[in-house]
Amino acid sequence: MSTPGKTSFTEAMDVEIVDEVALMNPFKYGVSWEMVAQKLWTSPSNLCKSVRTAKSFRDRVMLLMGKRKSVVAAQLKASGIDEPPRTHLDVGLDEIIMLSDDAIAEMKQKKTKASKVKEQTAEVDLAIRQAAMVGRQNSGEGSDDATPPPPVEHAAIHDRTRPMLPTRPATPETPTGPAAPVTPTGPAAPVAPTGPAAPVAPTGPAAPVAPMTPTGTAKGKPFRGPKRRQVTSDADRLLERLTQRDADQLEAQQKWRKLDLDSRQQQADNQFDVRMREIEFRKEELAEKACGRG
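The sequence shown maps to residues -10 to 283 in this note's numbering.
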């Protein structure tokens, strides 16, 4: 006597459900238990009309699979005893168990690939950050090693103090300031041509000023010029190589996945052909037995 609200399954219903599940394989992507239920509900046999939901079909199949696994485990444990012949239901359940195991293995493989892709993405991000850090360090080191800029260019770097600095004509005052007042008379004018040594004066104080100033480019200011363009170009080339490598890996994964799906489809077709031949053989065997009894 069945419990109210629950469907009582017969062996004929179990056989039809198992055959349909083995044929449609709801364990793979793109096939749902709702599709299996619709197929069973529209079956000409009308055996599964009393089953109300797709979840009921799924729960029944899972229950039968669990029982079959227990039987197989017991048979393996008692290996010295002759195994009983498999029934039609046993054959279908064994095939469903194999399909379920394949789906679980494929899901684990996809998770492993996803974790690997995530790690590779993290490595790419780290490489980009390291390239940027190296570029900034190189720019800072280059500012220390480079020849010190003239006072006007050095002053132009400090945007904050630029409005307060003198204009370009005022810069020669540093060498000529002490020399101009010293010459009291006009004959000193010829001395002015002999003062080409005066340009040495800006190079003398300017050389120690650039590295010793605490606000120079070596103290966090962005480096400008050919070195900055070189660092940016190196970072762009690194990013392009990493992007191309990821694209190649993705293309290879897609090709492998297509080959894997094709091989699985071929395997499923072969298994279906084997099952159909087995069913035909069983039908012929039953027909021969029926003729013998007649």
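Here a beta-carbon is modelled for each residue, glycine too, at the ideal position from N, C-alpha and C.
query                                                                                                                                       : result
For K28 versus M51, is the C-beta spacing smaller than 8 Å?                                                                                 : no
For D8, count neighbouring Cβ atoms within 10 angstroms of its own Cβ and tell me buried if that reaches 16, exposed if not.                : buried
Quick check: what's the CA-CA separation for I268 versus L78?                                                                               : 12 Å
Below 8 Å CB to CB, which residues in the same chain sit around T221 once its five sequence neighbours on both sides are set aside?         : G124
Quick test of the definition: if touching needs 3 or more C-beta pairs under 8 Å, does the stretch 230 to 245 touch the stretch 106 to 126? : yes
DSSP three-state label for K(-5), please.                                                                                                   : coil
Got a sec, what are the start and stop residues for the alpha helix (DSSP H) G19 sits in?                                                   : It is not in any alpha helix (DSSP H) - G19 carries neither H nor E in the DSSP assignment.
Does the contact criterion of 3 or more C-beta pairs under 8 Å hold for the stretch 81 to 88 versus the stretch 53 to 62?                   : yes
Just curious, the alpha helix (DSSP H) that R57 is in, first and last residue?                                                              : 43 to 66
Please name the residue in R41, K17, L250, K244 whose C-alpha comes closest to that of A90.                                                 : Checking the sequence, you will find Asp at residue 90 rather than Ala. Per the Cα distances, K17.
Span of the alpha helix (DSSP H) holding L36?                                                                                               : Taken as a continuous stretch (DSSP letters only), L36 belongs to no alpha helix (DSSP H), as it is neither H nor E.
Can you tell me whether E240 sits near the ligand SAM, meaning its C-beta is under 7 Å from at least one heavy atom of the ligand?          : By its list of ligands, the structure shown contains no ligand whatsoever, and the ligand SAM lies outside what it can speak to.
With a cut-off of 8 Å on the beta carbons, I'd call V40 and T(-4) a contact; round off their distance for me.                               : 5 Å
For D251, count the other beta carbons within 10 Å of its own beta carbon; 16 or more makes it buried, fewer makes it exposed. Which is it? : exposed
Where does R264 fall in DSSP's three states?                                                                                                : helix
Considering V40, what are the terminal residues of the alpha helix (DSSP H) in which it resides?                                            : No alpha helix (DSSP H) holds V40; DSSP gives it neither H nor E.
Please report the distance separating the alpha-carbon of P200 from that of I117.                                                           : For P200, the pLDDT reaches just 43, beneath the cut-off of 50, and the residue's location in the model is therefore unreliable, although a value from the coordinates is still provided. Looking at the two C-alpha atoms, the distance is approximately 30 Å.
Of the residues L53, W22, Q242, which one's Cα is nearest the Cα of A43?                                                                    : W22
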